[in-house]
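J.: Please read through the structure below; I'll follow up with questions.
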Amino acid sequence: MSALDELRRLRHDGAQVRKRDNKAAFWFLAPWFAGLLLVTIGPVLASFGLGFTKYNLIQPPRFIGLDNFARIFTDERLHNALRVTFTYVLVSVPLQLACALGVALLLDRGLRGLAVYRSAFYLPSLLGSSVAIAVLWTQVFGTDGLVNRVLAFFGVEGRGWISDPDTALSTLIVLNVWTFGSPMIIFLAGLRQIPAVYYEAAAIDGASWRSRFWHITLPLLSPILFFNLVLQIIHAFQSFTQAFVVSGGTGGPSDSTMFYTLYLYQQGFGRFDMGYASALAWFLLLIIAAFTAINFWAAKYWVFYDD
Amino acid sequence: MPRGARRRTAWAALLSLTASLLVACGSGSDAGGDLTAEPVTLRFTWWGGDDRHKRTQQVIELFQKKHQNITIKGEFKEWNGYWDSLATTMAANDAPDVMQMDELYIASYAERGALLDLNEAKKHLDTGDFDQKALATGAIDGKQYGLPVGLGMYSIMVNLDLLAQYGIPVPDDTKWSWDDLKRIGEQVSKAGGGQVFGVQSPGINDTAGLSIRARQQGQAMFDAEGKVVLPQEIARDYWQYIADLAKSGIAAPPSVTVEKASAGLNQSATATRTAAFGLWWNTQLTALTAASGAKLKLLRLPGETQGKAPGAYYKPSMFWSVSSRSKHPAEAAAFVSFLANDEEAAKILLTERGVPANQKIRDAIAGQLKETDKAAKEYLDTVPVSDPPRITPNGASTVDAILKRHTEDVLFGRTTPDAAAASFIKEVQAEVDAAK
Numbered sequence: 001m002s003a004l005d006e007l008r009r010l011r012h013d014g015a016q017v018r019k020r021d022n023k024a025a026f027w028f029l030a031p032w033f034a035g036l037l038l039v040t041i042g043p044v045l046a047s048f049g050l051g052f053t054k055y056n057l058i059q060p061p062r063f064i065g066l067d068n069f070a071r072i073f074t075d076e077r078l079h080n081a082l083r084v085t086f087t088y089v090l091v092s093v094p095l096q097l098a099c100a101l102g103v104a105l106l107l108d109r110g111l112r113g114l115a116v117y118r119s120a121f122y123l124p125s126l127l128g129s130s131v132a133i134a135v136l137w138t139q140v141f142g143t144d145g146l147v148n149r150v151l152a153f154f155g156v157e158g159r160g161w162i163s164d165p166d167t168a169l170s171t172l173i174v175l176n177v178w179t180f181g182s183p184m185i186i187f188l189a190g191l192r193q194i195p196a197v198y199y200e201a202a203a204i205d206g207a208s209w210r211s212r213f214w215h216i217t218l219p220l221l222s223p224i225l226f227f228n229l230v231l232q233i234i235h236a237f238q239s240f241t242q243a244f245v246v247s248g249g250t251g252g253p254s255d256s257t258m259f260y261t262l263y264l265y266q267q268g269f270g271r272f273d274m275g276y277a278s279a280l281a282w283f284l285l286l287i288i289a290a291f292t293a294i295n296f297w298a299a300k301y302w303v304f305y306d307d
Numbered sequence: 001m002p003r004g005a006r007r008r009t010a011w012a013a014l015l016s017l018t019a020s021l022l023v024a025c026g027s028g029s030d031a032g033g034d035l036t037a038e039p040v041t042l043r044f045t046w047w048g049g050d051d052r053h054k055r056t057q058q059v060i061e062l063f064q065k066k067h068q069n070i071t072i073k074g075e076f077k078e079w080n081g082y083w084d085s086l087a088t089t090m091a092a093n094d095a096p097d098v099m100q101m102d103e104l105y106i107a108s109y110a111e112r113g114a115l116l117d118l119n120e121a122k123k124h125l126d127t128g129d130f131d132q133k134a135l136a137t138g139a140i141d142g143k144q145y146g147l148p149v150g151l152g153m154y155s156i157m158v159n160l161d162l163l164a165q166y167g168i169p170v171p172d173d174t175k176w177s178w179d180d181l182k183r184i185g186e187q188v189s190k191a192g193g194g195q196v197f198g199v200q201s202p203g204i205n206d207t208a209g210l211s212i213r214a215r216q217q218g219q220a221m222f223d224a225e226g227k228v229v230l231p232q233e234i235a236r237d238y239w240q241y242i243a244d245l246a247k248s249g250i251a252a253p254p255s256v257t258v259e260k261a262s263a264g265l266n267q268s269a270t271a272t273r274t275a276a277f278g279l280w281w282n283t284q285l286t287a288l289t290a291a292s293g294a295k296l297k298l299l300r301l302p303g304e305t306q307g308k309a310p311g312a313y314y315k316p317s318m319f320w321s322v323s324s325r326s327k328h329p330a331e332a333a334a335f336v337s338f339l340a341n342d343e344e345a346a347k348i349l350l351t352e353r354g355v356p357a358n359q360k361i362r363d364a365i366a367g368q369l370k371e372t373d374k375a376a377k378e379y380l381d382t383v384p385v386s387d388p389p390r391i392t393p394n395g396a397s398t399v400d401a402i403l404k405r406h407t408e409d410v411l412f413g414r415t416t417p418d419a420a421a422a423s424f425i426k427e428v429q430a431e432v433d434a435a436k
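Here it is in structure tokens:
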């Protein structure tokens with residue numbers, strides 16, 4: 001047997017072993033694939049199909065073509081829900097990121113007990129979209145709540161923040177801003193990546209704190225900022241729990257906290273109109289995709305990659 | 001076949017396949033057949049509070065003792081979560097066998113074929129001791145989709161302690177009008193100095209206030225076919241009344257009213273003694289007396305003698321319904337019969353689900369009732385009523401939510417009573433049409 005044959009045999013055996021290994025891996029991955037198919041892809045496809053039907057959850061779905069999608073353009077309550085959702089996204093996300101960056105900058109300066117602060121600021125992110133916090137929020141911003149008691153101490157007369165349509169959405173925005181912990185942690189990690197030599201050089205040149213921030217920190221942090229922006233916008237579009245709990249599932253008062261997802265939910269489970277709800281879900285997907293695409297397009301102009 | 005049509009056929013085929021799968025799993029035994037001796041498990045779901053859960057569990061145990069082969073699995077929830085989960089289990093063809101059903105939803109479920117006609121199960125379910133007027137509230141086109149559990153009536157609950165404190169006499173409720181309520185409410189608000197208000201604003205949580213006003217004028221929300229026939233002037237006057245209450249300080253400021261409406265019975269103005277008069281179910285007297293610690297009394301509705309007919313009516317507090325897809329309809333019917341007709345069971349349940357609609361049971365538990373329950377029963381037995389309104393039609397389950405939104409719009413000055421009236425009627429009609 002020549003050396004070449006020997007080599008071929010070895011290579012063949014190796015391939016066999018690799019094949020066996022792969023097989024084992026596929027078996028171990030099978031439950032995950034099954035889950036993906038049954039719990040994610042299946043329902044997603046089903047909802048796409050249901051979007052073209054009238055389906056009341058009990059009787060068989062009836063094909064009605066594009067009616068559900070056409071209704072999106074004439075449904076005034078949906079247009080209100082879109083207004084509410086856009087306001088929420090466009091106001092709360094920039095505020096939240098500004099807070100996250102601000103606190104990250106403070107925490108980056110080697111404070112004593114840094115870990116404690118980090119945890120303290122991160123905590124609301126873990127709890128923020130939970131039912132418990134939303135319930136707490138209704139207490140804090142209620143007529144007899146903490147906010148009004150503090151205001152009363154300063155002689156200012158409060159109001160029913162959550163039960164007044166003029167302020168209800170603002171309290172939800174405050175709630176979202178308050179959960180700035182998770183983008184903050186990401187910012188902190190990003191700040192640690194910026195080489196100290198840049199700052200040293202700038203300091204030697206006599207650059208002020210402000211110009212160091214504008215010319216070193218911000219450009220080098222821009223990929224992180226971009227990442228957070230994309231993530232938080234998607235996240236904000238999908239907000240549901242807070243509005244659901246705070247308004248008792250109604251989106252009230254006067255539809256002022258009617259988030260898109262809440263409206264979708266009401267159509268499906270309140271009005272038994274799963275067809276329309278499915279169409280709405282796909283329309284939301286389009287909206288989020290459009291926002292993300294715009295973000296990526298705009299990123300060319302302001303995101304700076306060091307390498 | 002053109003491409004679009006072929007695709008459409010493919011979708012239709014896929015969907016009808018799913019649908020036929022759903023239907024195929026549903027065929028069960030006959031509701032009129034004999035009870036089986038095989039072991040059977042029934043699922044039974046209801047909404048309510050802790051007290052109800054405990055009592056219901058005791059009744060389940062009692063039933064299981066008498067039917068050793070039947071196991072009842074109780075599933076209980078809060079009102080909001082209840083309807084969401086019922087809708088989803090229905091869709092998954094996994095509906096419980098026996099359900100607590102509400103007037104708002106019964107037509108929506110029945111007309112979609114989700115509920116069993118209890119007449120088919122007559123062999124196991126006796127309804128002989130029920131008032132015909134009460135039974136009719138659970139029937140659609142002669143089919144009995146729900147057996148009324150308890151009966152309730154709307155009433156005005158007055159806090160006697162507050163009136164005594166301010167030296168205001170209790171009004172004569174046999175002939176008082178809506179204007180009288182406003183006038184006395186104003187006196188209370190004046191005496192209350194911004195802490196106590198005369199009237200808890202009606203119409204936030206349900207359509208009762210509006211429906212009563214329509215009925216007093218000889219009108220109704222829906223006609224027999226389920227069409228919205230509420231005259232716009234009646235709706236306008238109703239919202240004007242609520243707006244006046246808020247503006248003149250007879251009721252609390254709008255944001256307080258809205259907040260209290262979603263906070264539940266224990267936070268209501270009646271329970272916290274911050275309003276002297278409130279529109280409530282007569283059967284809530286016990287719970288509100290406990291929550292407020294005050295002496296409360298049931299008054300007849302205002303305007304009952306000025307109008308054309310009494311607005312008051314018997315409303316079933318809830319129904320027992322059986323799923324049309326139940327595999328054991330006969331056993332489910334037997335269990336419903338036990339809940340509705342068994343005296344031992346009744347003595348555990350008492351008036352927790354309203355004053356029993358079964359007249360024989362109502363008399364059987366009379367001796368065991370608390371004073372407030374007795375007052376609720378007496379109210380039901382003595383106050384004149386007219387025929388019940390048509391059941392909330394299929395699709396109109398959201399009518400309360402629509403009313404709430406319009407009331408909020410009026411209270412916060414975002415619309416006028418007139419515009420609210422027009423938009424409300426249009427919207428409810430659209431919901432009914434959409435369900436067809």
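Protein sequence lines, in the order shown, are assigned to chains A and B.
Everything in the first sequence is counted per full-length UniProt numbering, starting at 1 for the first residue and increasing by one.
Everything in the second sequence is counted per full-length UniProt numbering, starting at 1 for the first residue and increasing by one.
We put the CB at the ideal spot given by N, CA and C, even for glycine.
Just so you know, these numbers come straight off a predicted model, no measurement behind them.
Run through DSSP, which three-state label would Tyr154 of chain B get?
T.: Counted from its first residue, the second sequence places residue 154 of chain B at position 154. In the structure shown, Tyr154 of chain B sits in a strand (DSSP, three-state: E or B).
J.: So Val98 of chain B and Trp320 of chain B are in contact, right, with Cβ under 8 Å, and what is the actual spacing, rounded?
T.: Indexing the second sequence from 1 puts residue 98 of chain B at position 98. Indexing the second sequence from 1 puts residue 320 of chain B at position 320. Rounded, the Cβ-Cβ distance is 6 Å, consistent with contact.
J.: Do you know how far the Cα of Leu265 of chain B is from the Cα of Trp27 of chain A?
T.: Within the first sequence, the letter at position 27 stands for residue 27 of chain A. Within the second sequence, the letter at position 265 stands for residue 265 of chain B. Going from the Cα of Trp27 of chain A to the Cα of Leu265 of chain B covers about 55 Å.
J.: Anything in chain B within Cβ reach of Asp5 of chain A, meaning under 9 Å, just list it in chain order.
T.: Here residue 5 of chain A is taken as the residue at index 5 of the first sequence, counted from 1. Going along chain B, no residue has its Cβ under 9 Å from Asp5 of chain A, so there is no contact; the nearest lies around 55 Å.
J.: Closer than 8 Å, Cβ to any Cβ of chain B: which residues of the stretch 162-176 of chain A, in chain order?
T.: If the cut-off is 8 Å between Cβ atoms, the stretch 162-176 of chain A has Ile162, Ser163, Asp164, Pro165 and Asp166 near chain B.
J.: Using 10 angstroms around the beta-carbon of Glu431 of chain B, count the other beta-carbons present and answer buried if the total reaches 16, otherwise exposed.
T.: Position 431 of the second sequence holds residue 431 of chain B. So Glu431 of chain B ends up on the buried side.
J.: Establish whether the CB of Glu408 of chain B and some CB of chain A are separated by less than 8 Å.
T.: The residue you call residue 408 of chain B lines up with position 408 of the second sequence. Glu408 of chain B counts as touching chain A.
J.: Return helix, strand or coil for Leu125 of chain B, following the three-state DSSP convention.
T.: For the purposes of this step, residue 125 of chain B is identified with residue 125 of the second sequence, where counting begins at 1. In this structure, Leu125 of chain B counts as coil in the three-state DSSP scheme.
J.: Leaving out five residues on either side along the sequence, give the residues of the same chain with a beta carbon under 8 Å from the beta carbon of Pro253 of chain B.
T.: The count along the second sequence starts at 1 and reaches residue 253 of chain B at position 253. Closer than 8 Å at Cβ, skipping near neighbours: Ala246.
J.: Going along chain B, which residues have a C-beta under 7 Å from Leu57 of chain A?
T.: The residue you call residue 57 of chain A lines up with position 57 of the first sequence. Chain B residues near Leu57 of chain A: Ala87, Met90 and Ala91.
J.: Counting only C-beta atoms, is Pro253 of chain A closer than 8 Å to chain B at any point?
T.: For the purposes of this step, residue 253 of chain A is taken as the residue at position 253 of the first sequence. Yes, Pro253 of chain A lies at the interface with chain B (some Cβ there is under 8 Å from its Cβ).
J.: For Ala332 of chain B, count the other beta carbons within 10 Å of its own beta carbon; 16 or more makes it buried, fewer makes it exposed. Which is it?
T.: Stepping through the second sequence from its first residue, residue 332 of chain B is reached at position 332. So Ala332 of chain B counts as buried.
J.: Taking a Cβ distance cut-off of 7 Å, strictly less, list which residues of the stretch 386-398 of chain B are near chain A, in chain order.
T.: If the cut-off is 7 Å between Cβ atoms, the stretch 386-398 of chain B has Thr398 near chain A.
J.: Between which two residues does the beta strand (DSSP E) carrying Thr241 of chain A extend?
T.: The count along the first sequence starts at 1 and reaches residue 241 of chain A at position 241. Careful: Thr241 of chain A lies outside any beta strand (DSSP E), inside the alpha helix (DSSP H) at Thr241 to Val246.
J.: Pull up the distance between the alpha-carbon of Lys295 of chain B and that of Thr286 of chain B, whole angstroms please.
T.: Residue 295 of chain B sits at position 295 when you count from the first residue of the second sequence. Residue 286 of chain B sits at position 286 when you count from the first residue of the second sequence. Each residue's Cα considered, the two are about 11 Å apart.
J.: In this structure, what does DSSP give as the bridge partners for Met101 of chain B?
T.: Start at 1 with the first residue of the second sequence, and residue 101 of chain B comes out as number 101. Met101 of chain B pairs with B:Phe319.
J.: Which one of A:Trp297, A:Phe291, A:Ala289 and A:Met274 has the shortest CA to CA distance from Gly52 of chain A?
T.: Here residue 52 of chain A refers to the residue found at position 52 when the first sequence is read from its first residue. Per the sequence shown, the amino acid found at residue 52 of chain A is Phe instead of Gly. Of the candidates A:Trp297, A:Phe291, A:Ala289 and A:Met274, the one whose C-alpha sits nearest the C-alpha of Phe52 of chain A is A:Met274.
J.: Residues in the same chain with beta-carbon distance under 8 Å from Pro389 of chain B, minus the five sequence neighbours each way, listed in chain order, please.
T.: Residue numbering aside, residue 389 of chain B sits at position 389 when the second sequence is read from its first letter. For Pro389 of chain B, where only same-chain residues beyond five positions count, the Cβ hits under 8 Å are Ser211, Arg215, Ala220, Met221, Phe222 and Tyr313.
J.: Using the rule of at least 16 other Cβ atoms within 10 Å of the residue's Cβ for burial, across every protein chain shown, is Ala30 of chain A buried or exposed?
T.: On the first sequence, residue 30 of chain A is found 30 positions in, with the first residue counted as 1. With fewer than 16 Cβ atoms within 10 Å of its Cβ, Ala30 of chain A is classed as exposed.
J.: Counting only beta-carbon atoms, is Ala114 of chain B nearer than 8 Å to chain A?
T.: For this step, residue 114 of chain B is matched to residue 114 along the second sequence. By this cut-off, Ala114 of chain B is an interface position.
J.: How would you label Ala24 of chain B, buried or exposed, when you count the other beta carbons within 10 angstroms and need 16 or more for buried?
T.: Along the second sequence, read from residue 1 onward, the residue named residue 24 of chain B stands at position 24. Low per-residue confidence applies at Ala24 of chain B: pLDDT is 40, beneath 50, and the placement is therefore not dependable, though the value from the model is reported in the following sentence. Flag for Ala24 of chain B reads exposed.
J.: If we define contact as Cβ-Cβ less than 8 Å, is Ser262 of chain B a contact residue for chain A?
T.: To locate residue 262 of chain B, count along the second sequence from 1; it is residue 262. True, the Cβ-Cβ gap to chain A drops below 8 Å.
J.: Ignore the nearest five residues each way along the sequence and tell me which others in Asp129 of chain B's own chain have a CB closer than 6 Å to its CB.
T.: By one-based count along the second sequence, residue 129 of chain B stands at place 129. Same-chain partners within the cutoff: Asn358, Gln359 and Lys360.
J.: Where does Arg7 of chain B sit, in a helix, a strand or coil, going by DSSP?
T.: Translated into the one-based positions of the second sequence, residue 7 of chain B becomes position 7. Bear in mind that a pLDDT of 45 at Arg7 of chain B, under 50, signals an unreliable position, so the number given afterwards is only what the model happens to contain. Helix at Arg7 of chain B.
J.: Please look up how many angstroms separate the CB atoms of Ala330 of chain B and His124 of chain B, rounded, as I've assumed it's under 8 Å.
T.: As a working note, residue 330 of chain B is residue 330 in the second sequence. As a working note, residue 124 of chain B is residue 124 in the second sequence. Correct: roughly 6 Å between the Cβ atoms.
J.: Using the three-state DSSP reduction, which class does Lys77 of chain B fall into: helix, strand or coil?
T.: Translated into positions along the second sequence, residue 77 of chain B becomes position 77. Note: Lys77 of chain B maps to strand in three-state DSSP.
J.: Under a CB-based cut-off of 8 Å, is Thr143 of chain A close to chain B?
T.: Taking the first sequence and counting its residues from 1, the one referred to as residue 143 of chain A is at position 143. It does: the Cβ of Thr143 of chain A has a partner Cβ on chain B nearer than 8 Å.
J.: Within 8 Å of any Cβ in chain B, is that where the Cβ of Arg271 of chain A sits?
T.: Here residue 271 of chain A corresponds to residue number 271 of the first sequence, with the count starting at 1. Judged by the 8 Å Cβ criterion, Arg271 of chain A is in contact with chain B.
J.: Does the beta-carbon of Ser27 of chain B have 16 or more other beta-carbons within 10 angstroms, so that it is buried, or is it exposed?
T.: Position 27 of the second sequence, counted from the first residue, corresponds to residue 27 of chain B. Summary for Ser27 of chain B: the model assigns pLDDT 42, below 50, so the residue's position carries little reliability; its value from the coordinates is reported in the next sentence. Exposed, since its Cβ has fewer than 16 Cβ neighbours within 10 Å.
J.: Please determine, among B:Lys65, B:Gln57, B:Gly81 and B:Lys122, the residue with the shortest C-alpha to C-alpha distance to Val322 of chain B.
T.: Within the second sequence, the letter at position 322 stands for residue 322 of chain B. The residue with the shortest Cα to Cα distance from Val322 of chain B is B:Lys122.
J.: Which complete alpha helix (DSSP H) runs does the stretch 47-83 of chain A hold, if anything under 4 residues is left out?
T.: Those alpha helix (DSSP H) runs which fall completely within the stretch 47-83 of chain A and span 4+ residues are 67-72.
J.: Check the Cβ-Cβ distances between Ile287 of chain A and every residue of chain B, and say whether any is below 8 Å.
T.: Here residue 287 of chain A is taken as the residue at index 287 of the first sequence, counted from 1. No, Ile287 of chain A does not count as interfacial toward chain B.
J.: Roughly how many angstroms lie between the CA atoms of Ser324 of chain B and Thr261 of chain A, to the nearest whole one?
T.: Your numbering for residue 324 of chain B matches position 324 in the second sequence. Your numbering for residue 261 of chain A matches position 261 in the first sequence. Cα to Cα, Ser324 of chain B sits roughly 32 Å from Thr261 of chain A.
J.: Which residues in chain A sit within 9 Å of Val196 of chain B, going by Cβ to Cβ distance?
T.: Numbered from 1 along the second sequence, position 196 holds the residue referred to as residue 196 of chain B. Ordered by position in chain A, no residue passes the 9 Å Cβ test against Val196 of chain B, which lies about 15 Å from the chain.
J.: Which residues in chain A have a C-beta closer than 8 Å to the C-beta of Ala414 of chain B? List them in chain order.
T.: Counting from one through the second sequence, the residue named residue 414 of chain B turns up at place 414. First, the residue type needs correcting, since residue 414 of chain B is Arg and not Ala in the sequence shown. Neighbours of Arg414 of chain B on chain A, chain order: Pro165 and Ser254.
J.: Sorted by chain position, which residues of the same chain lie with C-beta nearer than 6 Å to Trp176 of chain B's C-beta, five sequence neighbours on each side aside?
T.: Here residue 176 of chain B corresponds to residue number 176 of the second sequence, with the count starting at 1. Cβ within range, chain order: Pro302.
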